[in-house]
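Line by line, the protein sequences give chains A and B.
For the record, in the first sequence the residue sitting at position 272 is 271 according to numbering that gives the first Met the number 0, with numbers rising by one throughout.
For the record, in the second sequence the residue sitting at position 185 is 184 according to numbering that gives the first Met the number 0, with numbers rising by one throughout.
C-beta: ideal position from N, C-alpha, C; glycine also.
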Amino acid sequence: MQEHPAQECIVFKDASVERSGRIIWSHGNFSIPNGTVTAIVGTNGTGKTTMMNAELGLIPLKTGSATILGKPAGKANESIGYVPQSYTSDIDSNLTAEQSVLLGLTGTRFGLHITTETERRKAYEAMDFTGIADKAHMRLSQLSGGLRQRVAIAQALVADPKLLMLDEPLANLDLASQRATVHVLARLNHELGMTIQVVAHDLNMLLPILTGAVYLLDGHPHYAEMNTVLDADLLTHLYGTTVQVVTTPQGDMFVTPSADEPQDVTPDTHNAEDVAKFHHHPGQTEDTHSDSAMKRTEGGRAS
Amino acid sequence: MNSSVNFSFDPSWMETLHAPFMVNAALAGLCIAVAAGVMGYFTIARHSTFAAHALAHIGLPGATGAVLFGLPVSVGLGVFALGGALVIGALGKRATQREIATGTVLAFATGLGLFFARLSTSASQQMQSILFGSILTITSSQIIGFLIFDVLLILLVTIVYRPLLFSSLDEQVAQAKGINIAVMNVIFMAMMAGVITIAVPAVGTLLIFALVVTPAATANIIVASPFRAMILAGALCLVSIWGGLVLSAMFPTPPSFMIVSISTVLWAITKFVASRRS
Numbered sequence: 000m001q002e003h004p005a006q007e008c009i010v011f012k013d014a015s016v017e018r019s020g021r022i023i024w025s026h027g028n029f030s031i032p033n034g035t036v037t038a039i040v041g042t043n044g045t046g047k048t049t050m051m052n053a054e055l056g057l058i059p060l061k062t063g064s065a066t067i068l069g070k071p072a073g074k075a076n077e078s079i080g081y082v083p084q085s086y087t088s089d090i091d092s093n094l095t096a097e098q099s100v101l102l103g104l105t106g107t108r109f110g111l112h113i114t115t116e117t118e119r120r121k122a123y124e125a126m127d128f129t130g131i132a133d134k135a136h137m138r139l140s141q142l143s144g145g146l147r148q149r150v151a152i153a154q155a156l157v158a159d160p161k162l163l164m165l166d167e168p169l170a171n172l173d174l175a176s177q178r179a180t181v182h183v184l185a186r187l188n189h190e191l192g193m194t195i196q197v198v199a200h201d202l203n204m205l206l207p208i209l210t211g212a213v214y215l216l217d218g219h220p221h222y223a224e225m226n227t228v229l230d231a232d233l234l235t236h237l238y239g240t241t242v243q244v245v246t247t248p249q250g251d252m253f254v255t256p257s258a259d260e261p262q263d264v265t266p267d268t269h270n271a272e273d274v275a276k277f278h279h280h281p282g283q284t285e286d287t288h289s290d291s292a293m294k295r296t297e298g299g300r301a302s
Numbered sequence: 000m001n002s003s004v005n006f007s008f009d010p011s012w013m014e015t016l017h018a019p020f021m022v023n024a025a026l027a028g029l030c031i032a033v034a035a036g037v038m039g040y041f042t043i044a045r046h047s048t049f050a051a052h053a054l055a056h057i058g059l060p061g062a063t064g065a066v067l068f069g070l071p072v073s074v075g076l077g078v079f080a081l082g083g084a085l086v087i088g089a090l091g092k093r094a095t096q097r098e099i100a101t102g103t104v105l106a107f108a109t110g111l112g113l114f115f116a117r118l119s120t121s122a123s124q125q126m127q128s129i130l131f132g133s134i135l136t137i138t139s140s141q142i143i144g145f146l147i148f149d150v151l152l153i154l155l156v157t158i159v160y161r162p163l164l165f166s167s168l169d170e171q172v173a174q175a176k177g178i179n180i181a182v183m184n185v186i187f188m189a190m191m192a193g194v195i196t197i198a199v200p201a202v203g204t205l206l207i208f209a210l211v212v213t214p215a216a217t218a219n220i221i222v223a224s225p226f227r228a229m230i231l232a233g234a235l236c237l238v239s240i241w242g243g244l245v246l247s248a249m250f251p252t253p254p255s256f257m258i259v260s261i262s263t264v265l266w267a268i269t270k271f272v273a274s275r276r277s
């Protein structure tokens, strides 16, 4: 999957973005290697989606450069699968899942074009991968948010991207759908070696598959591998509220203490070195989390 | 069009159907059904039904203004609808923010249309047929115009079909994949202005929704494929127009009323059956 000679998938050099005369973030200097799963994290309004749009070349940089898959931002989009946030909520389309996925392959072509058997097979394979092949002939409007999310991922996959970008893929999904989506992302990364980047405001569900994160802090994007990000002090600074890293038999998760936090769990904070020692992500999927752990995390993050 | 509505049966209705004006109306109906079937699907897919409705109203002052200057109604209607279409298209597809602006312009345009109509007696006389249509007065030269429009529309849709569908499904993804969203918007709205210009003579600016949007909505309930939905929407539109013409000949009533009624009844029945099934 990684024919690209360079090891770096996303390279920012002194990048900054301005919208309506306001600097959203600046001094973006980082490079993200191929084959990674990274999250863009930060509080609301720090420019997470803006960063993804800049990487896609949809909005211009004010200064510096963004190089994606070895080309300037926007020039490599045919090798990028993009799943925007609107997908789960806004789409009320009459198209079937299959037709929607096929558009990912043929949607940019002008003129008469009859869908070929090869294209149908590719669409089927993409839907099979995300586990919605049996829903191929259902309309998007009949599908739940979680299934529509997987249609969207299949549409992004069908053109064989090297990089998959998802904006808040877990927002508005119930726990089971969140797990299913994370599971699909994990397989894409492990089995196909695809580089994945997600915008997320809640990392807990993604922790088992993340290799690193771009965190937008104080108006600057930083990239760090996961063992560095998972530091309670940094996360507290990042989210502007107390965040603790909790280690459970099921893995690490971080919570914001709140009134509805269960009493039977003793929050246990760690520094970066501690976390680095026992944090192990490769090969681990969300399945290692127990149901009770999930529920507890949700309750803890609800504040 | 000034006939009073009574539902007495006209025994000579077969002769009425063979009258030249009725043949013209039937041919016009065919041209309108082709255009409305294609555009109706995209109008719903792009969530632009309100914009379509508004465009017809924006065309009203153009239509009455044209009469004022002694120009053909469809010229004024077309110019105003196209102008409105380009403005709405250029503003982008953020429908939620546009509803208030569109509605306000719609109301103002209707008022302006009335003002122009009052400035001359001939415009005043034509006001009702512009608002409610007069399919029985369509001329042969108008039909040729409709036919040319249909050919151009089908050619254009054939070219932009997939990118237009893709951008209707998800603007952001389509844009990331290199489709020029602004161009798609303007093309769509310009096509819409054309369809309105040819459909208004049949049912008028007020009832156009039932001819462009309603058959497409009915078709969407029955079939899922865009292509099949367009064919079916066109067929339903044709059934409404031709059925309306026959019924209005049998029971002397304004054809527009019968056309809109059939379209609405077909939609209501389909909706009811679909809701019983699920």
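For this session: From the DSSP output, in three-state form, read off residue 178(B) for me.
Result: Within the second sequence, the letter at position 179 stands for residue 178(B). In this structure, residue 178(B) counts as coil in the three-state DSSP scheme.
Problem set entry | Residues near residue 119(B) in its chain [Cβ-Cβ closer than 7 Å; skip 5 each side] | Here residue 119(B) refers to the residue found at position 120 when the second sequence is read from its first residue. Correct list, in chain order: 66 and 67.
Exercise. What are the complete alpha helix (DSSP H) segments, minimum 4 residues, inside the stretch 154–215 of chain A?
Worked result: 174–191
For this session: Tell whether a beta-carbon distance below 8 Å holds between residue 200(B) and residue 133(B).
Result: On the second sequence, residue 200(B) is found 201 positions in, with the first residue counted as 1. On the second sequence, residue 133(B) is found 134 positions in, with the first residue counted as 1. Yes, these two residues count as a Cβ contact at 8 Å.
Exercise. Does residue 46(A) have its Cβ less than 8 Å from a Cβ in chain B?
Worked result: Along the first sequence, read from residue 1 onward, the residue named residue 46(A) stands at position 47. Not an interface residue.
For this session: State the beta-bridge partners of residue 224(A) as determined by DSSP.
Result: In the first sequence, counting from the first residue as 1, residue 224(A) sits at position 225. Paired residues: 211(A).
Exercise. With residue 28(A) and residue 11(A) assumed to form a contact (beta carbons below 8 Å), what rounded beta-carbon distance in angstroms separates them?
Worked result: Taking the first residue of the first sequence as position 1, residue 28(A) is located at position 29. Taking the first residue of the first sequence as position 1, residue 11(A) is located at position 12. The Cβ separation is near 6 Å, so the contact holds.
Problem set entry | Reduced DSSP secondary structure (H/G/I, E/B, other) of residue 327(A) | What the structure shows of chain A is the stretch from 0 to 302, and residue 327(A) is not part of that stretch, so it cannot be assessed.
Exercise. Would you call the CB atoms of residue 166(A) and residue 48(A) closer than 8 Å?
Worked result: Taking the first residue of the first sequence as position 1, residue 166(A) is located at position 167. Taking the first residue of the first sequence as position 1, residue 48(A) is located at position 49. Result yes, Cβ atoms of residue 166(A) and residue 48(A) sit closer than 8 Å.
Exercise. So residue 198(A) and residue 31(A) are in contact, right, with Cβ under 8 Å, and what is the actual spacing, rounded?
Worked result: To locate residue 198(A), count along the first sequence from 1; it is residue 199. To locate residue 31(A), count along the first sequence from 1; it is residue 32. About 14 Å separates the two Cβ atoms, so there is no contact after all.
For this session: Sort 175(B), 166(B), 164(B) and 155(B) by Cα distance to residue 160(A) and report the nearest one.
Result: The residue you call residue 160(A) lines up with position 161 of the first sequence. It is 175(B).
Exercise. Quick one: is residue 271(B) buried, meaning 16 or more other Cβ sit within 10 Å of its Cβ, or exposed?
Worked result: Stepping through the second sequence from its first residue, residue 271(B) is reached at position 272. Exposed is the call here.
For this session: Using the DSSP secondary-structure output, state which residues sit across from residue 187(B) in a beta bridge.
Result: Position 188 of the second sequence, counted from the start, is the residue given in the question as residue 187(B). Per DSSP, none; premise fails for residue 187(B).
For this session: Return no unless some Cβ of chain A is closer than 8 Å to the Cβ of residue 157(B).
Result: One-based indexing of the second sequence puts residue 157(B) at position 158. Yes, residue 157(B) counts as interfacial toward chain A.
Exercise. Under a CB-based cut-off of 8 Å, is residue 148(A) close to chain B?
Worked result: One-based indexing of the first sequence puts residue 148(A) at position 149. Chain B, which has no Cβ nearer than 8 Å to the Cβ of residue 148(A), makes this no.
For this session: Answer with yes or no whether the minimum CB distance from residue 49(A) to chain B is below 8 Å.
Result: Residue 49(A) sits at position 50 when you count from the first residue of the first sequence. No - not a single Cβ of chain B is within 8 Å of the one on residue 49(A).
Exercise. What does residue 340(A) touch in chain B if you count any residue whose Cβ is under 9 Å from its own?
Worked result: Any question about residue 340(A) goes unanswered here, given that chain A covers just 0 to 302.
Exercise. Tell me which same chain residues have a C-beta within less than 7 Å of the C-beta of residue 33(B), skipping the five on either side of it?
Worked result: Locating residue 33(B) in the second sequence gives position 34, where the first residue counts as 1. So the list reads 149 and 233, once near-sequence residues are dropped.
Exercise. Beta-carbon separation of residue 193(A) and residue 163(A) under 8 Å?
Worked result: For the purposes of this step, residue 193(A) is identified with residue 194 of the first sequence, where counting begins at 1. For the purposes of this step, residue 163(A) is identified with residue 164 of the first sequence, where counting begins at 1. Yes, they are a contact pair.
Exercise. Are the beta-carbon atoms belonging to residue 82(A) and residue 157(A) less than 8 Å from one another?
Worked result: Within the first sequence, numbered from 1, the residue matching residue 82(A) stands at position 83. Within the first sequence, numbered from 1, the residue matching residue 157(A) stands at position 158. It is not a contact, given that the beta carbons lie outside the stated cut-off.
Exercise. Can you tell which of 98(B), 274(B), 178(B) and 192(B) has the C-alpha that lies nearest to the C-alpha of residue 74(B)?
Worked result: Mapped onto the second sequence, residue 74(B) falls at position 75. If we check each option's Cα against that of residue 74(B), 192(B) comes out closest.
For this session: State buried or exposed for residue 136(A), treating a residue as buried only when at least 16 other CB atoms are found within 10 Å of its CB.
Result: The sequence position of residue 136(A) within the first sequence is 137, counting from 1. Exposed, by the Cβ-count rule.
Exercise. If we cut at 8 Å on Cβ distances, does residue 270(B) have a partner in chain A?
Worked result: Here residue 270(B) is taken as the residue at index 271 of the second sequence, counted from 1. Answer no: the Cβ-Cβ gap between residue 270(B) and chain A never drops below 8 Å.
Problem set entry | Proximity to residue 105(B) [Cα-Cα], best of 51(B), 189(B), 265(B) and 147(B) | Sequence index remark: in the second sequence, residue 105(B) carries index 106 (1-based). Measuring from the Cα of residue 105(B), the nearest candidate turns out to be 51(B).
For this session: Give the secondary structure of residue 43(B) by DSSP, where H, G and I count as helix, E and B as strand, and everything else as coil.
Result: The sequence position of residue 43(B) within the second sequence is 44, counting from 1. Looking at residue 43(B) - three-state DSSP - the assignment turns out to be helix.
Exercise. Residues in its own chain within less than 8 Å of residue 62(A) by CB, not counting five upstream and five downstream?
Worked result: In the first sequence, counting from the first residue as 1, residue 62(A) sits at position 63. Around residue 62(A): 13, 14, 15 and 25.
Exercise. By the 10 Å Cβ neighbour count, where 16 or more other Cβ atoms means buried, how is residue 20(B) classified, buried or exposed?
Worked result: Residue 20(B) sits at position 21 when you count from the first residue of the second sequence. Burial call: exposed.
Exercise. Would you call the stretch 165–185 of chain A and the stretch 147–157 of chain A touching, i.e. three or more CB-CB distances under 8 Å?
Worked result: yes
For this session: Just the chain B side, please: which residues come within less than 9 Å of residue 107(A) by C-beta, in chain order?
Result: Here residue 107(A) refers to the residue found at position 108 when the first sequence is read from its first residue. Neighbours of residue 107(A) on chain B, chain order: 161, 162, 165, 173, 176, 177 and 178.
Exercise. Does the distance from the C-beta atom of residue 94(A) to that of residue 157(B) stay below 8 Å?
Worked result: Numbered from its first residue, the first sequence carries residue 94(A) at position 95. Numbered from its first residue, the second sequence carries residue 157(B) at position 158. Contact flag unset, no.
Problem set entry | Cα-Cα separation, residue 135(B) to residue 23(B) | Within the second sequence, the letter at position 136 stands for residue 135(B). Within the second sequence, the letter at position 24 stands for residue 23(B). Roughly 8 Å between the two C-alpha positions.
Exercise. DSSP state of residue 65(A), grouped into three classes?
Worked result: What you label residue 65(A) is simply residue 66 of the first sequence in a count that begins at 1. Three-state result, residue 65(A): strand.
Exercise. In terms of residue numbering, what span does the alpha helix (DSSP H) encompassing residue 74(B) cover?
Worked result: Along the second sequence, one-based indexing puts residue 74(B) at 75. Per DSSP, residue 74(B) belongs to the alpha helix (DSSP H) from 72–90.
Problem set entry | Simplified DSSP assignment, three categories, for residue 258(B) | What you label residue 258(B) is simply residue 259 of the second sequence in a count that begins at 1. Note: residue 258(B) maps to helix in three-state DSSP.
Exercise. Using a C-beta cutoff of 8 Å, does residue 317(A) count as contacting chain B?
Worked result: An answer regarding residue 317(A) cannot be provided, because it is not within the stretch 0 to 302 covered by chain A.
For this session: Examine chain A for any beta-carbon lying closer than 8 Å to the beta-carbon of residue 225(B), and answer yes or no.
Result: One-based indexing of the second sequence puts residue 225(B) at position 226. Closer than 8 Å to some Cβ of chain A, the Cβ of residue 225(B) qualifies, so yes.
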